Each structure stands twice: as C-alpha cells, then as structure tokens.
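Peer 1: The structure under discussion is supplied below as structure tokens; questions concerning it will follow.
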C-alpha cells in the first residue's frame, strides 16, 4: 500500500513476543490482535492488541498506545487497563477467528485458506490489514465443509484480492492450534473462552483427544458442556477417558442421567468404573472431590520404584507429592491402608529402602463422607498438598488434593469473574 510507512508485519509471527513500555519494562506477551471489519470497500483496521499480563490475565491494549511493532518486540505506552478483555461490537480476533478461514480469489482461480495476516501502519498512524498469506487450494465451484484442500502454493495477496466466505460456514482451525501449541492448558482454555461459540467448537474439534481433555478441565462448566455436547458420542467418551476421573465426573454431573449413562457405556470399563464410583458420592464430600487413582504402592516397593512413579509427567504436582502404601489389591478400593510416604522422605532416603520402613503413620486419613470443610481444615492445619481418603473399612479409595478443594470453594465462575479483583484494585 502506497501510504504505509513500515515494513509489513505478519500477525502469526508476532505471537508470543514480549510487549515492553518505552523504558524497557516488560508488560506482558502478545496473544492476538483485535481488528474491526469496515466492509468490502475498506481494509480491516487493527484496534488493539490482546496481551497476556502477569497473572495470566488477557487485557486489551488500544492501538493508540502501540508505538512500534517489530520482528523481535512490541513497544507500547505503559498505561494498561487490567480489566479482562471482552470483545465488543464488530471486533474480531485475528488469530482466533480469521486464521484458517476459507476465502475465494476474485480472479476466479479458486479457493484458499488464510495462514497469516499482514499489517501495515499508515501515515496517519493507523494499522490496517493490508494483506493475507494464503495457501491455495484447487479450483472449486461449491463449498464443502472441512474438505481438505490439496497442498498448494502459498501466496501473499492484497486485502482486496479475496472474498471471505460466509461466517456461518464451518471453518477449520489447523493454523490456530499450531500457533498455540506451546500454551499451557489453562492459557489455551482462556483463548477458547474469548471466542464465539461457533469458533470455540471449531477449535475444539481440531484438538487431539488428550489435549482437548486437559483444556476442558480448565473451562467453565457451561463451556465444557457445550463442547462435549457438540462432539459425536464416541469421541465424547474418548475425551472423558482422557480426563482426570474427578473432572470427568464433575462434567457428567452437568448432563442428564440418560446422557451420563450413554457416555459411560461407551467408555472403557476401568475408566467408567472409576467415574461411576465418584458419581455415587453426595456433593460437598471428600469422595466427590477425590481422584481415585493416586500413586499407590505396596510396603515392599523401594524408594527407587516410588521415585520412578512420581516422576511421571502426567501427574500433577499435588498428586506426585505423596505415595500411599497399602496392602494388595492396589487398585482403589485397595487392601488395608498402611500410611503415606511424602516426596521429601523419598528424596532423603537411599534408593533400596523399602517404603514400609519410612511410612508416616501420624497423618490420619479422611473418611470418604467427610465434608469439604473438614478436608480443607486438615490440609491447612498440616500444610499438606494432598490427603488420603478411606472408606469405613479402612481401604484407600482415593486422595484429595489442595487444588481440588480450592476449585470447589471458589465461586463457580472464578475462571472468568474479575469483580473481586477489580474491587481490590480500586
């Protein structure tokens, strides 16, 4: 564009860049660009940046405070409103909503898929969408949802050389998922939460089952239900199997009895049995919060074996903080519960030492019918991250971790509600 001052920058290549104020202090990290469509005769305008600030909050930085966008950094004024970002009016997220959108070329050469978006700064200081990086597909006379395009050449085209397809049509999410592959589940869930319902379902459909499972666990209940209900039943059951049993049970509790049973029937028997047991407990009890699959070993197992178990990547830090020692069978409900070995003890003892010699027998387990208040009190009193849960027969049935209790005690909308924090900040 003849009126631009700077070299063109592409949005997908900017993702994850640090955002600084003029003095060099880091404000946060770029997660997306907010644009407004001004109709077919004008290029879309960038109205601001979506920046993740410390505390994992995503906030809006208006374009008027963007001083420079460069390949290695973004410089803004230091004044940032820390209110969580919410889209308004015709605003759209460039990466969250425009990447992977199918387009048609005005010259009649077929259809393509947007893989990146080019921005230029005009002489008046405005930033506009000046170009698109598009992967060409074959010539097509009709739209067929989610049909894979043949691998074609990639071209940079001016903003007015293409027509966007109807937003009501399904849109793939390959580029969005690839661009956000490094995000932690909670951060990916935050990005999903900011999307429209339609786009959220499209991105969820693109995720692998295990990735979708851990992301679902970080979303508000209503969005979990929305995504799970949009999947076919077999895939929904596969995703539930990948979730932690307590989170899967919480999600199933939001569904009707008929939906619950249909999904449980499709799950693998072992996983379904764990979830069924959790569903039997009344709300606000230790049993309703616990995971039925903590780390459990017999007293003859060694410190070396225990350390190998707690090193498993899929274990949360709270779950990996303790090994529960029981008589066989070792699947919950186990044989007689003997005690716990904390990870600090494992790190202090020689590898060949049997766990039976270093059991902490002073820590009393909680009953599976104990109240959440009782569990929280014990965790706080003894400065613990997890507690063993036993039934009336003294058999271990699971463990409750501090994050389970916090999730229960916080308001249902704690992931998205900033009212209390804003009030504290004045």
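Residue numbers (the working numbering): 1 to 426. A virtual CB, placed ideally from N, CA and C, is assigned to each residue, including glycine. Everything numeric in this text was worked out from a predicted model, so none of it was measured.
Using 10 angstroms around the beta-carbon of residue 404, count the other beta-carbons present and answer buried if the total reaches 16, otherwise exposed.
Peer 2: Residue 404 is buried by the Cβ-count criterion.
Peer 1: Measuring alpha carbon to alpha carbon, tell me which residue in 121, 155 and 128 is nearest residue 137.
Peer 2: The shortest Cα separation from residue 137 among 121, 155 and 128 belongs to 155.
Peer 1: Ends of the alpha helix (DSSP H) at residue 199?
Peer 2: Element bounds for residue 199: 197-206.
Peer 1: Give a yes or no on contact between the region 389-399 and the region 289-298, applying the rule of three or more CB pairs nearer than 8 Å.
Peer 2: Output reads yes: the region 289-298 touches the region 389-399.
Peer 1: Where does residue 288 land, buried or exposed, given buried means 16+ other C-beta within 10 angstroms?
Peer 2: Its Cβ being crowded by 16 or more others within 10 Å, residue 288 is buried.
Peer 1: Tell me which same chain residues have a C-beta within less than 8 Å of the C-beta of residue 29, skipping the five on either side of it?
Peer 2: The residues are 16, 17, 18, 19, 51 and 52.
Peer 1: Measuring CA to CA, which of 297, 346 and 301 is closest to residue 329?
Peer 2: Closest by alpha carbon: 297.
Peer 1: Under 8 Å between the Cβ atoms of residue 215 and residue 185?
Peer 2: Yes, they are a contact pair.
Peer 1: The alpha helix (DSSP H) with residue 342 in it runs from where to where?
Peer 2: Counting along the chain, residue 342 falls outside any alpha helix (DSSP H), though it belongs to the beta strand (DSSP E) covering 337-342.
Peer 1: Any heavy atom of the ligand ATP closer than 7 Å to the CB of residue 112?
Peer 2: Among the components of this structure there are no ligands whatsoever, and the ligand ATP is therefore not found.
Peer 1: Under 8 Å by Cβ, that's how I've got residue 262 and residue 219 pegged, so tell me the actual separation to the nearest angstrom.
Peer 2: Contact flag wrong, Cβ pair sits at about 22 Å.
Peer 1: Flag this pair as yes or no: are the beta carbons of residue 121 and residue 111 separated by less than 8 Å?
Peer 2: No, the Cβ-Cβ distance between residue 121 and residue 111 is not below 8 Å.
Peer 1: For residue 233, which residues of its own chain have a beta-carbon under 8 Å away from its beta-carbon, when the five flanking residues on both sides are left out?
Peer 2: Contacts found: 262, 263 and 266.
Peer 1: In the DSSP assignment, find the unbroken beta strand (DSSP E) run with residue 130 in it and report its ends.
Peer 2: Taken as a continuous stretch (DSSP letters only), the beta strand (DSSP E) holding residue 130 covers 127-136.
Peer 1: Taking 8 Å as the cut-off, does the region 199-215 touch the region 239-259 (at least 3 CB pairs, one atom from each stretch)?
Peer 2: Yes, the region 239-259 touches the region 199-215.
Peer 1: Three-state secondary structure (DSSP) at residue 245?
Peer 2: Residue 245 falls in the helix class under three-state DSSP.
Peer 1: Sort 95, 77 and 70 by Cα distance to residue 8 and report the nearest one.
Peer 2: Nearest option by C-alpha distance: 70.
Peer 1: Quick check on residue 393: buried or exposed, where buried means 16 or more other Cβ atoms within 10 Å of its Cβ?
Peer 2: Looking at its Cβ environment, which holds fewer than 16 other Cβ atoms inside 10 Å, residue 393 is exposed.
Peer 1: What three-state label does DSSP hand residue 109 in the structure shown?
Peer 2: Coil.
Peer 1: Just how far apart, CA to CA, sit residue 147 and residue 237?
Peer 2: Residue placement at residue 147 is poorly supported in this model, since its pLDDT is 44, which falls under 50; the coordinates still yield a value, given next. Each residue's alpha carbon lies about 25 Å from the other.
Peer 1: Using the C-alpha atoms, what's the distance from residue 224 back to residue 22?
Peer 2: Their backbone Cα atoms lie some 41 Å apart in a straight line.
Peer 1: Which of the three DSSP states, helix, strand or coil, is assigned to residue 290?
Peer 2: Reduced to three states, the DSSP call for residue 290 is coil.
Peer 1: Indicate whether residue 203 and residue 230 have their beta-carbon atoms separated by less than 8 Å.
Peer 2: Not closer than 8 Å, so no.
Peer 1: What residue from 367, 282 and 389 has the CA that sits closest to residue 319's CA?
Peer 2: Checking every option, the nearest Cα to that of residue 319 belongs to 389.
Peer 1: How should residue 38 be labelled, buried or exposed, when 16 other C-beta atoms within 10 angstroms of its C-beta is the threshold for buried?
Peer 2: Exposed, since its Cβ has fewer than 16 Cβ neighbours within 10 Å.
Peer 1: Can you tell which of 285, 82 and 350 has the C-alpha that lies nearest to the C-alpha of residue 307?
Peer 2: Nearest of 285, 82 and 350 to residue 307, Cα basis: 350.
Peer 1: Can you name, in chain order, every residue of its own chain whose Cβ lies under 7 Å from the Cβ of residue 379, other than the five neighbours on each side?
Peer 2: Closer than 7 Å at Cβ, skipping near neighbours: 387, 402 and 405.
Peer 1: Buried or exposed for residue 89, please, with buried defined as at least 16 other CB atoms from any protein chain shown within 10 angstroms of its CB.
Peer 2: So residue 89 ends up on the exposed side.
Peer 1: With distances taken between CB atoms, is the gap from residue 32 to residue 131 smaller than 8 Å?
Peer 2: It is not a contact, given that the beta carbons lie outside the stated cut-off.
Peer 1: Report yes if the C-beta distance between residue 353 and residue 385 is below 8 Å; otherwise report no.
Peer 2: Not closer than 8 Å, so no.
Peer 1: Based on DSSP bridge pairs, tell me the residues matched to residue 10.
Peer 2: DSSP output for residue 10 lists 118 as bridge partner(s).
Peer 1: Unbroken alpha helix (DSSP H) runs of length 4 or more, entirely within the region 347-390: which are they?
Peer 2: Listed in chain order, the complete alpha helix (DSSP H) runs (minimum 4 residues) inside the region 347-390 are 372-381.
Peer 1: Got a sec? Which residues, its chain only, sit under 8 Å from residue 375 by beta carbon, not counting five neighbours each side?
Peer 2: Only 286, 289, 366, 387, 400 and 405 meet the Cβ criterion.
Peer 1: Going by C-alpha distance, which of 247, 49 and 194 is nearest residue 67?
Peer 2: Considering only alpha carbons, the answer is 49.
Peer 1: Where do the N-terminal and C-terminal ends of the beta strand (DSSP E) with residue 35 fall, by residue?
Peer 2: Note, residue 35: beta strand (DSSP E), 26-36.
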